[in-house]
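Reviewing the structure listed below.
Here is the structure:
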């Protein structure tokens, strides 16, 4: 009995096990079947019956997804001739079309729409060619490969065929599903035919607001993307706490103090219209925009805050501001932030002509940049108008810092260097704007600059900052003088190279000996003592500053001019000055062991200038003698005064140009005056000395 019961239990257990095995074996793997997806015919007269196989006909089949999810991975098999394709559309309206190899590419239209930011978009479907046979596709991975990296849903799946012979699509299956994402907006919400935008105040893309009691501009914009022309109206309703003050009556009708109606005529395709309105707010409220075009309607509502001006002013700060010079390299401009509140104006060679004839600048480039940082601790985005002006001691603006193109603009209040920036809530923003300087009219010195920050569209200043900056003028005269010195040195070398034989032949042996003796005497009396005691002399007389040349000029100006004129009185021949200077340079190099290129450049240029002036005056050409009379004294004094003035400016300018040194103009001018007086005196003494030597020689 017990055995029978045991057998029965074993048989029953086996039956149950077989049933469970059959049932589990019969269940498909998750997602391996497409029974929960239905295909509907949306075009043509064919029907989907676990696929499609036909020799003639055309049809488009659209998949109906189960609620809350969409197919992520699918597979199918296809083969045949004619046209076969699969179209997949995503939630952002991007589309991928898979076309069977050997099939004609279907005609797919581009999609145009306006996105949630009001930007018109055009979507061109991606077309991928796939081989015949079994196909397996990951729809989301293909989106990332061909469309972008954002998260999207699959919102539409279609199969299409146009049979020209036998075409077969079969074994469709969904390998994996994905849940719809709540964060992804339906396409109807982000893509529109009508888009409304309001900036209150103008330039503000954040929360709308008005400053209590201030008149501010409002910008309203309508953008459309329509298939045909449309007409309608735009109604703008402000709260009763807002009063409309300015508008264009030819385009806008005022229904009430706070309600406006604007006729709209929008063309086919993309079109946009903008309207500027001025309003004054006395309190918060809510505004509404309603656009009606044919059968389409779009409504936009915004809350309006109304803070006081004092609360705006207390939360706007200028963290940093200053004027900086700029460096130009080809077309690139670099701001030199290491030099704050300093600009350098490079004066050109035509400044003298401007001062004489009043000519204007032929170009207008910024001399520097006004840079700063604004901090906004308000809860609102602020469009701000930043202006910079340079004012004098009386508080009036100095127009020479506006720039020529700004000064020429007509109007009662000519604009100044300015910029418009938007500073977000609890944010900081850098700003920069050019500062100009009329190279002919701006003088070097210290100036007073003012940065004023106001709300865009209003004159109310919310922040201001004063600071001083320095302007330096870099004259091009030293460049010209340096170039002239090089030219005169080359002239001196060329004259010596081409005329040395002629000059030597015109000189007697006694003349050559006299030139050598005078040059050696001058070298011994002037150059050697200065080489030995020069540093001591500069240290001893250094406290005198520019007046130190009163003592040092005795050697450099009086003795040099006296020996040279005495030599010319004895040997009045062209080239004597150049020959003597070359011998002097050679003696300096041999005695001191160095050939200073700047010294050589200076000495040769001085000698060339002196030789030419003496020849033109007739002293070395045989037309005029070094007689002891007032006319000769005056002429020789002028020649050597000019030569020594030139030598003084050339000396300082070349040192500044070559070694980036700085000497103020007044310092150079004092030295030039002393040098001119001493050289004129030395030249007159040289005439007396030369005539006495001539009488001794004779």
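Residue numbers (mature numbering (1 follows the signal peptide of the UniProt record, and there is no 0)): -19 to -1, 1 to 679. Glycine included, C-beta positions come from ideal geometry on N, C-alpha and C.
Beta-carbon spacing of residue i, residue j below 8 Å
{"i": "residue 434", "j": "residue 442", "result": "yes"}
{"i": "residue 270", "j": "residue 367", "result": "no"}
{"i": "residue 138", "j": "residue 58", "result": "no"}
{"i": "residue 665", "j": "residue 618", "result": "yes"}
{"i": "residue 208", "j": "residue 249", "result": "yes"}
{"i": "residue 281", "j": "residue 245", "result": "no"}
{"i": "residue 60", "j": "residue 84", "result": "no"}
{"i": "residue 194", "j": "residue 272", "result": "no"}
{"i": "residue 183", "j": "residue 285", "result": "no"}
{"i": "residue 425", "j": "residue 462", "result": "no"}
{"i": "residue 402", "j": "residue 361", "result": "no"}
{"i": "residue 625", "j": "residue 552", "result": "no"}
{"i": "residue 324", "j": "residue 450", "result": "yes"}
{"i": "residue 317", "j": "residue 307", "result": "yes"}
{"i": "residue 150", "j": "residue 25", "result": "no"}
{"i": "residue 347", "j": "residue 416", "result": "yes"}
{"i": "residue 223", "j": "residue 262", "result": "yes"}
{"i": "residue 303", "j": "residue 357", "result": "no"}
With 16 other Cβ atoms within 10 Å as the buried cut-off, status of residue i
{"i": "residue 266", "result": "buried"}
{"i": "residue 314", "result": "exposed"}
{"i": "residue 681", "result": "Here the chain has residues from -19 to 679 only, and residue 681 is not among them."}
{"i": "residue 647", "result": "exposed"}
{"i": "residue 383", "result": "buried"}
{"i": "residue 704", "result": "The structure shown has nothing for residue 704, since the chain only spans -19 to 679."}
{"i": "residue 301", "result": "exposed"}
{"i": "residue 485", "result": "exposed"}
{"i": "residue 420", "result": "buried"}
{"i": "residue 594", "result": "buried"}
{"i": "residue 494", "result": "exposed"}
{"i": "residue 645", "result": "exposed"}
{"i": "residue 615", "result": "exposed"}
{"i": "residue 546", "result": "buried"}
{"i": "residue 622", "result": "buried"}
Integer-rounded CB distance, given that residue j should sit under 8 Å from residue i
{"i": "residue 369", "j": "residue 354", "result": "Actually they do not touch by this definition, with Cβ atoms about 15 Å apart."}
{"i": "residue 607", "j": "residue 550", "result": "4 Å"}
{"i": "residue 192", "j": "residue 55", "result": "Wrong, their Cβ atoms sit about 58 Å apart, outside the cutoff."}
{"i": "residue 247", "j": "residue 205", "result": "5 Å"}
{"i": "residue 120", "j": "residue 74", "result": "That pair is no contact at about 15 Å."}
{"i": "residue 674", "j": "residue 543", "result": "Contact flag wrong, Cβ pair sits at about 12 Å."}
{"i": "residue 439", "j": "residue 197", "result": "6 Å"}
{"i": "residue 589", "j": "residue 469", "result": "4 Å"}
{"i": "residue 141", "j": "residue 63", "result": "Not quite, the Cβ-Cβ distance comes to about 11 Å (not below 8 Å), so this is no contact."}
{"i": "residue 326", "j": "residue 454", "result": "5 Å"}
Cut-off 6 Å between Cβ atoms - residues of its own chain near residue i, not counting five sequence neighbours on either side
{"i": "residue 181", "result": "189 and 199"}
{"i": "residue 649", "result": "633"}
{"i": "residue 548", "result": "499"}
{"i": "residue 227", "result": "259"}
{"i": "residue 422", "result": "381"}
{"i": "residue 592", "result": "558 and 559"}
{"i": "residue 677", "result": "none"}
{"i": "residue 102", "result": "94 and 96"}
{"i": "residue 234", "result": "242"}
{"i": "residue 18", "result": "44"}
{"i": "residue 412", "result": "353, 367, 400 and 402"}
{"i": "residue 605", "result": "599"}
is_contact[residue i, chain C] using C-beta, thresh 8 Å
{"i": "residue 481", "result": "Among the chains of the structure shown, chain C does not appear; only one protein chain is present."}
Own chain residues within Cβ distance below 8 Å of residue i, not counting five before or after
{"i": "residue 82", "result": "110, 111, 112 and 113"}
{"i": "residue 179", "result": "189, 199, 200, 201, 202, 268, 270, 281 and 283"}
{"i": "residue 392", "result": "Note that residue 392 has pLDDT 43, beneath the 50 cutoff, so the model's placement of it is unreliable and no number is given."}
{"i": "residue 541", "result": "503, 507, 660 and 663"}
{"i": "residue 602", "result": "555 and 596"}
{"i": "residue 49", "result": "160 and 161"}
{"i": "residue 635", "result": "459, 462, 463, 466, 579, 582 and 583"}
Sequence-distant residues of its chain with Cβ nearer than 7 Å to residue i (five each side left out)
{"i": "residue 123", "result": "77"}
{"i": "residue 86", "result": "80 and 108"}
{"i": "residue 652", "result": "527, 530 and 629"}
{"i": "residue 289", "result": "193"}
{"i": "residue 662", "result": "539"}
{"i": "residue 655", "result": "530, 531 and 534"}
The region 90 to 98 touching the region 40 to 58, judged by at least three CB pairs closer than 8 Å: no
Validate contact between the region 59 to 77 and the region 127 to 138 using beta carbons, cut 8 Å, 3 pairs: yes
The region 575 to 590 touching the region 527 to 538, judged by at least three CB pairs closer than 8 Å: no
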